[in-house]
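Participant: Per full-length UniProt numbering, the very first residue in the sequence shown carries number 1; after that it's consecutive. Where a beta carbon is used, it is the ideal one built from N, C-alpha and C, also for glycine. Quick caveat, the model's predicted, so the values are computed rather than measured. Handing you this structure, nothing more for now.
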Amino acid sequence: MSESPSSPPTARHAQLLALAGELRPELHRYCARLMGSVIDGEDVVQDTFARALVALDEVREDTPLRAWLFRIAHNRALDLLRSRAIRAAEPIEAAHEVADPESPDPVEALMRREAVETAVSRFAELPTVQRSVVILKDVLDQSLEEIAATLDLTVNAVKAHLARGRARLKAINAQAPARPAPRPPSPAVAHYVALFNRRDWDGLRAMLADDVRLIQSTYPLRAGAGDVSMFFGIYSRSAPVRVAPAWLEGREVIAVWEEPEAVKPSYLMWLEWTDGRISFIRDYKYVRYVIDDAELVLAPGTAPPSGPQPA
């Protein structure tokens, strides 16, 4: 998210830009669970800030930007969910009692811990409003009043959705399938990984389609093999990283380690292919929070970064 040189940021824009860096990880935790995907969740976060910059001049000066951004993210996610026809509406029943947040009891704490530890993809099985309420309350620790304002509900309605959402999430977790088995990488990704780990930048550039596109968080879109080839130039001048093929949410991705001894990757890349050439690169280096909740499965036979690497 950046300002055009021809339009210097106002104080209000500067405030939004400062808040963006602070709020992005929290917004992603919400959007990823709402969408049931860490990748789709980041797309919503990106779109949220792009829309916010456009609409900011029309917002009252006394409007709290944090709550406003959550509302934009929530509405954008709902638009996408509706377009995919996966929204399941469900009527509200009588509100159940919800523990007072000022005096949490052990059961309340257990419910919150269960929500935090639940796999991102399982939230998609909840009706949308229940999903939103459970995430905002149990994952992000917002008050009932804050949730009611964000979702345009009464506090009693929030309590009802929370009670039903918690019960349903518990049932979903009880019936959750086992972790998916590792899947072998495609030949194209295996070749990309081998070239990257050998730092064969010319070989990687040769894999780019003429109309390839590159997205790196808030940086401007790069398009065309000539422009995108600079991506590998940056890595050639940086400290070596190690990459490995992996799967995430049914997508084939690439895990990136900056620290050889680290158990968890530092961030991800995601490539798309057309006729055997790379047509799209999404590099998550500058939004590392995306991997925090990712249900990543490394391809079988993948050597750890500190282990022997292919010649």
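#1: Under three-state DSSP, which class holds glutamate 295?
#2: Work out the CA separation of tryptophan 270 and valine 54 for me, nearest whole Å.
#3: Which residue comes first and which comes last in the beta strand (DSSP E) that contains methionine 207?
#4: Would you report the Cα separation of alanine 206 and alanine 190, rounded to the nearest angstrom?
#5: On the three-pair Cβ rule with 8 Å, is the segment 208-218 touching the segment 272-279?
#6: Once DSSP output is grouped into helix, strand and coil, what is the label at valine 253?
#7: Could you pull out every unbroken alpha helix (DSSP H) segment of at least 4 residues lying fully inside the segment 17-69, listed in chain order?
#8: If we count the other Cβ atoms within 10 Å of its Cβ and call it buried at 16 or more, is leucine 16 buried or exposed?
#9: Straight-line CA distance for glutamine 142 to valine 256?
#10: What would DSSP say about valine 193, mapped onto helix, strand or coil?
#11: Identify the residues that DSSP records as bridge partners of valine 243: which are they?
#12: Under the three-state reduction of DSSP, which class applies to residue 332: helix, strand or coil?
#13: For valine 120 versus glycine 165, is the C-beta distance shorter than 7 Å?
#14: Under 7 Å, do leucine 27 and alanine 73 count as touching if we go by C-beta distance?
#15: Check this for me: beta carbons of arginine 71 and threonine 150, under 7 Å apart or not?
#16: Let me know the secondary structure DSSP gives glutamate 261 once reduced to three states.
#17: Suppose you measure from the CA of glutamate 249 to the CA of arginine 12; what does that come to, to the nearest Å?
#18: In the structure shown, what three-state DSSP assignment does tyrosine 219 receive?
#19: Out of Gly41, Arg29 and Arg168, which has the shortest C-alpha to C-alpha gap to alanine 176?
#20: Cβ of isoleucine 254 within 7 Å of Cβ of valine 241?
#21: Who are the near neighbours of alanine 294 in its chain, counting only those whose CB is closer than 6 Å to its CB and skipping five residues on each side?
#22: Excluding the 5 residues preceding and the 5 following glycine 221 in the sequence, name in chain order all residues of the same chain whose CB lies nearer than 8 Å to its CB.
#23: Can you tell me whether DSSP reads arginine 76 as helix, strand or coil?
#24: Among the residues of its own chain, which have a CB less than 7 Å from the CB of proline 300, if the five just before and after it don't count?
#25: Measuring alpha carbon to alpha carbon, tell me which residue in Ala32, Arg122, Ile291 and Tyr284 is nearest asparagine 173.
#26: Could you please give the first and the last residue of the uninterrupted beta strand (DSSP E) stretch that includes leucine 271?
#27: Can you tell me whether DSSP reads leucine 153 as helix, strand or coil?
#28: Among Asp202, Arg288 and Tyr219, whose alpha-carbon lies nearest the alpha-carbon of residue 382?
#29: Please return the same chain residues whose Cβ sits closer than 7 Å to the Cβ of leucine 208, not counting the five positions on each side in sequence.
#30: Skipping 5 residues on each side, what residues in its chain have a beta carbon closer than 6 Å to that of serine 236?
Facilitator: Answer, in terms of the structure:
#1: The answer is coil: DSSP assigns glutamate 295 none of H, G, I, E or B.
#2: Rounded to whole angstroms, the separation of the alpha carbons of tryptophan 270 and valine 54 is 28 Å.
#3: That residue, methionine 207, is in no beta strand (DSSP E); it is neither H nor E in DSSP.
#4: Taking the straight line from one Cα to the other gives about 15 Å.
#5: Yes, they touch.
#6: Of the three classes helix, strand and coil, the one that applies to valine 253 here is strand, per DSSP.
#7: Look at the segment 17-69 and you find these whole runs of alpha helix (DSSP H), each 4 residues long or longer: 38-55.
#8: Leucine 16 sits buried, since 16 or more C-beta atoms from the chains shown fall within 10 Å of its C-beta.
#9: Between the alpha carbons of glutamine 142 and valine 256 lies a distance of about 33 Å.
#10: Secondary structure at valine 193: helix, using DSSP grouped into helix, strand and coil.
#11: Secondary-structure assignment with DSSP links valine 243 through a beta bridge to Val256.
#12: This structure cannot speak to residue 332, because the chain is shown only from 1 to 311.
#13: No, the Cβ-Cβ distance between valine 120 and glycine 165 is not below 7 Å.
#14: Alanine 73 sits close to leucine 27, with the two beta carbons spaced by under 7 Å.
#15: Annotated as proximal: arginine 71 and threonine 150, with beta-carbon spacing under 7 Å.
#16: In the structure shown, glutamate 261 sits in coil (DSSP, three-state: anything other than H, G, I, E or B).
#17: If I take the Cα positions, the gap works out to 37 Å.
#18: Of the three classes helix, strand and coil, the one that applies to tyrosine 219 here is coil, per DSSP.
#19: Nearest Cα to alanine 176 within the set Gly41, Arg29 and Arg168: Arg168.
#20: Using a Cβ distance threshold of 7 Å, isoleucine 254 and valine 241 do not count as a contacting pair.
#21: Val38 and Leu248, listed in sequence order.
#22: Residue identity check: residue 221 is leucine in the sequence provided, not glycine. Arg213, Leu214 and Ile215.
#23: The three-state secondary structure of arginine 76, taken from DSSP, is helix.
#24: Taking C-beta separations shorter than 7 Å and ignoring five residues to either side along the sequence, the partners of proline 300 in its chain run Pro182 and Pro184, following chain order.
#25: The residue with the shortest Cα to Cα distance from asparagine 173 is Arg122.
#26: 267-274 is the extent of the beta strand (DSSP E) around leucine 271.
#27: Three-state result, leucine 153: coil.
#28: Absent from the model: residue 382. The displayed extent of the chain is 1 to 311, so no value can be given.
#29: Excluding positions up to five away in sequence, the list reads Ala225, Val228, Ser229, Arg277 and Ile278.
#30: Take serine 236, set aside five residues on each side of it, and the residues of its chain with a beta-carbon closer than 6 Å to its own are Trp201, in chain order.
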